[in-house]
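The sequence shown: position 58 = 58 (UniProt numbering), numbered continuously. Inspection log for the structure reproduced underneath, given as structure tokens.
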Amino acid sequence: MQAELDALALNNTWSLVPLPIGYKSIDCKWVYRIKYNSYGTIERYKARLVAKGYIQVKGVYYLETFSPTAKLTTLPCLLAIAASRNWFLHHLDVQNAFLHGDLDEKVYVVPPPGLCRQGENLWLKLLERNLLRHRRVLGWFHAGAIDLTSLGFL
Numbered sequence: 001m002q003a004e005l006d007a008l009a010l011n012n013t014w015s016l017v018p019l020p021i022g023y024k025s026i027d028c029k030w031v032y033r034i035k036y037n038s039y040g041t042i043e044r045y046k047a048r049l050v051a052k053g054y055i056q057v058k059g060v061y062y063l064e065t066f067s068p069t070a071k072l073t074t075l076p077c078l079l080a081i082a083a084s085r086n087w088f089l090h091h092l093d094v095q096n097a098f099l100h101g102d103l104d105e106k107v108y109v110v111p112p113p114g115l116c117r118q119g120e121n122l123w124l125k126l127l128e129r130n131l132l133r134h135r136r137v138l139g140w141f142h143a144g145a146i147d148l149t150s151l152g153f154l
């Protein structure tokens with residue numbers, strides 16, 4: 001959990017602020033997962049802090065979400081193209097990839113236990129990066145599309 005909090009702090013994911021009048025905050029929770037290696041033994045334990053965005057109402061708290069999925073045939077097709085053209089393939093794992101999406105709405109999240117001192121009435125104001133899964137994917141997609149367009153790919 002500390003590694004996740006460190007990554008969120010390093011990426012300036014939020015700032016601690018008082019909750020403005022008229023705004024509602026959403027809760028967050030820890031999601032735990034065990035990662036296994038190819039031998040079936042435990043490689044590492046992962047903890048991810050996520051906002052409970054499902055509490056929000058579309059049109060009131062946000063306007064758009066995005067959740068891309070790939071077709072099952074996409075990977076074999078790409079591998080076949082790479083093999084036919086003798087391309088070298090590399091595997092890449094981006095840590096905290098979704099912390100790089102932009103957030104257009106003002107979102108306030110109740111801090112997880114232990115982040116604030118007892119008695120402080122502060123909330124997490126999400127900045128450019130966010131904890132809201134479907135909206136962070138949208139921001140990441142738009143940022144990637146802009147980069148690819150500037151390079152002449154789209």
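Don't be surprised by glycine CBs; every beta carbon is placed ideally from N, CA and C. Remember, predicted model here, so these are calculated numbers, not experimental data.
query, result
"Identity of the residues DSSP links to L124 by a beta bridge", "L16, V109"
"8 Å CB neighbourhood of K35 in its chain, flanking five on each side removed", "I42, E43, R44, Y45, K46"
"Assigned exposure category for T73 - 16 Cβ within 10 Å defines buried", "exposed"
"Span of the alpha helix (DSSP H), counted from its first residue to its last, around A80", "74 to 84"
"Pair within 8 Å by beta-carbon distance, K52 and K24", "no"
"C-alpha distance - V17 paired with R48, whole-angstrom precision", "22 Å"
"Proximity to S4 [Cα-Cα], best of L115, A145, L78", "The question names Ser, but residue 4 is Glu in the sequence shown. The option with the nearest alpha carbon to E4 is L115."
"Alpha-carbon spacing of L122 relative to V50, whole angstroms", "18 Å"
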